[in-house]
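Colleague: I have a structure here, written as structure tokens, and I will follow up with some questions on it.
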Amino acid sequence: MSLILLGCQTRIVLPVLQAAHAMGSPRVVVFGTQETRQLRWSPWVRRHVLADFGDLERCASQLEELAREQPQGVIVPCDCPAIRLLHRLGPRVPLATTPLPTPQVLETLDDKWRFHLLCDASALPVPAAVCVAGKHQLDFTELAATLGLPFVVKPTNASGSLGVVVVRSGQDLLDHVVLDRTYGDGPLVVQRYIEGRDIDVDLFAVDGELRAVTTHEVKGCWMEFTRDPILEEMASALCRATGYSGPMNLDARIEQATGRVYLLESNPRFWASLAMPAACGLNFLAESLRTSWPAGAQPQRPSLARCNRRHPLLRPRDWWRVLADRGSQGRLVRTMLFDPCTLCELAASLPAMAGRAMQRSWRGVAAAVRSAQEPGALPQ
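Residue numbers (UniProt numbering): 1 to 380.
Here you go:
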């Protein structure tokens with residue numbers, strides 16, 4: 001089976017590429033835009049097809065050419081623009097695809113306000129929220145009275161935490177949203193802020209039935225996979241209510257004071273941390289490529305409880321896998337270690353990592369100085 005990865009967001013296509021190599025797939029074809037052009041340098045990419053997702057005739061011709069070259073190929077839409085492209089092409093898509101949500105379901109789940117309304121109608125817990133036409137229609141006094149402080153402002157159709165602002169005062173709202181010229185002027189969701197900790201659901205479903213699922217929390221450099229029956233049932237109910245097909249990531253939050261779980265938003269596509277569950281034995285791309293499941297089978301789950309999120313260069317304990325591990329974990333380590341794109345991401349993150357390390361060092365020194373200056377402290 002040869003894979004054709006469709007997508008225009010490198011941060012999503014790259015982890016799908018890593019998952020493909022982890023499952024033993026030979027080099028893949030990436031069908032993407034100028035943004036994903038950098039992936040052509042990956043040793044795991046056989047070819048990058050530069051496309052304009054707005055030019056349906058040209059995209060159809062390019063896909064037909066790929067179908068002639070690889071008649072057994074499978075198209076994997078990685079992000080929402082890729083799914084929309086396949087829906088617009090309709091019967092002109094010349095190859096099999098992994099399961100997709102319907103256009104109506106995609107537009108509902110990819111819009112934060114529509115998602116909120118769907119959850120509310122399905123009796124799924126979500127924070128109190130209102131929708132505002134644009135940033136200049138935000139009234140701090142009214143919002144604070146309705147939602148309390150702090151509250152969260154975010155665009156209805158952005159991803160990757162783009163535009164998410166926690167507002168604690170009127171000045172916050174002015175400085176970071178209303179008067180910020182870089183902040184877009186599209187519709188916004190304003191939501192009650194839930195004091196607590198983040199938890200995510202990763203899932204794959206077919207016709208509303210969960211086929212693979214896990215919940216995870218990020219704790220420092222570790223991603224810890226757990227089984228949360230309440231949150232899994234919420235995810236299952238959402239899939240059943242929409243007849244959802246495909247991979248999806250759900251953002252949720254556990255309220256510190258009550259322990260209650262709230263759904264915040266959905267990402268009806270693959271996600272940026274896709275390689276993490278693959279490293280723990282649950283490859284969502286591999287699940288997407290399956291064509292049948294035993295009757296009554298339980299959803300697949302990770303076999304390991306946690307994995308390190310850092311780049312393999314920063315994980316000496318995993319270096320032995322480069323040569324000795326011929327399994328999926330070894331392939332994943334080699335994919336991340338030798339791919340120029342992941343190395344560029346690592347290089348870009350090093351200054352911030354160094355800054356955080358310096359701050360921790362200074363805090364340790366300051367604490368030691370304060371301890372030494374306390375009355376009754378023993379001389380060193």
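Backbone N, C-alpha and C define an ideal beta-carbon position, used for all residues, glycine too.
1) Helix or strand or just coil, what does DSSP make of cysteine 131?
2) Can you tell me where the alpha helix (DSSP H) holding cysteine 119 begins and where it ends?
3) With DSSP as the reference, label alanine 22 as helix, strand or coil.
4) Report yes or no: do three or more beta-carbon pairs, one from the segment 156 to 172 and one from the segment 278 to 298, lie closer than 8 Å?
5) Determine which residues share a DSSP beta bridge with glycine 196 and list them.
6) How about leucine 56 and valine 29: do their beta carbons lie closer than 8 Å?
7) Going residue by residue through the segment 278 to 325, where are the continuous beta strand (DSSP E) segments of at least 3 residues, counting only ones entirely within it?
8) Just to confirm, is the Cβ distance from glycine 246 to proline 101 under 8 Å?
9) For a test of the three-state rule: what should DSSP assign to glutamine 191, helix, strand or coil?
10) Cysteine 239 and leucine 282 look like a contact to me (Cβ under 8 Å); what is the Cβ gap, rounded to whole Å?
11) Spatial neighbours of valine 16 within its chain, please: C-beta separation below 8 Å, excluding the five flanking residues on both sides.
12) Tell me which same chain residues have a C-beta within less than 6 Å of the C-beta of glutamine 380, skipping the five on either side of it?
13) Classify cysteine 280 as buried or exposed, calling it buried when 16 or more other Cβ atoms lie within 10 Å of its own Cβ.
14) Let me know the secondary structure DSSP gives threonine 214 once reduced to three states.
15) How big is the Cα-Cα spacing for valine 206 and cysteine 307?
16) Is it a yes or a no for the segment 191 to 202 touching the segment 254 to 268, going by three-plus beta-carbon pairs under 8 Å?
17) Could you tell me which of Met23, Pro94, Phe140 sits nearest to arginine 68, measuring between CA atoms?
18) Could you work out which residue in Gly330, Pro81, Gln70 is closest to aspartate 110 when comparing CA atoms only?
19) Assuming valine 153 is part of the beta strand (DSSP E), what are its boundary residues?
20) Mapping DSSP to helix, strand and coil, what is valine 365?
21) For leucine 162, which of Pro150, Leu147, Leu188 has the nearest alpha-carbon?
22) Taking DSSP as the reference, what is the three-state secondary structure of alanine 205?
23) Where does arginine 11 sit, in a helix, a strand or coil, going by DSSP?
Modeller: Per the coordinate set shown:
1) Secondary structure at cysteine 131: strand, using DSSP grouped into helix, strand and coil.
2) 112 to 121 is the span of the alpha helix (DSSP H), which, as asked, contains cysteine 119.
3) DSSP, reduced to helix, strand and coil, places alanine 22 within a helical segment of the structure shown.
4) Under the Cβ criterion (8 Å, minimum of three pairs), the segment 156 to 172 does not count as touching the segment 278 to 298.
5) Per DSSP, the beta-bridge partners of glycine 196 are Glu255.
6) Cβ atoms of leucine 56 and valine 29: not closer than 8 Å.
7) Taking only runs of at least 3 residues, the beta strand (DSSP E) segments lying wholly in the segment 278 to 325 are 306 to 308.
8) Pairing glycine 246 with proline 101 gives a Cβ-Cβ distance under 8 Å.
9) Three-state result, glutamine 191: strand.
10) That pair is no contact at about 17 Å.
11) These residues qualify, in order along the chain: Leu5, Gly7, Val76, Cys78, Phe270, Leu274, Leu285.
12) Residue placement at glutamine 380 is flagged as unreliable, the pLDDT there being 48, under the threshold of 50; a coordinate-derived value is accordingly withheld.
13) Around the beta carbon of cysteine 280, 16 or more other beta carbons lie within 10 angstroms, which makes this residue buried.
14) Under the three-state reduction of DSSP, threonine 214 is assigned to strand.
15) In this model, valine 206 and cysteine 307 are separated by some 27 Å (Cα to Cα).
16) A contact exists between the segment 191 to 202 and the segment 254 to 268.
17) Of the listed residues, the one whose Cα sits closest to arginine 68 is Pro94.
18) Comparing Cα positions, the closest option is Pro81.
19) It spans 151 to 155 - the beta strand (DSSP E) in which valine 153 sits, taken as one unbroken run.
20) The answer is helix: DSSP assigns valine 365 an H, G or I state.
21) Just measuring C-alpha positions, the residue of Pro150, Leu147, Leu188 sitting nearest leucine 162 is Leu188.
22) Three-state DSSP puts alanine 205 in a strand.
23) For arginine 11, the three-state secondary structure derived from DSSP is helix.
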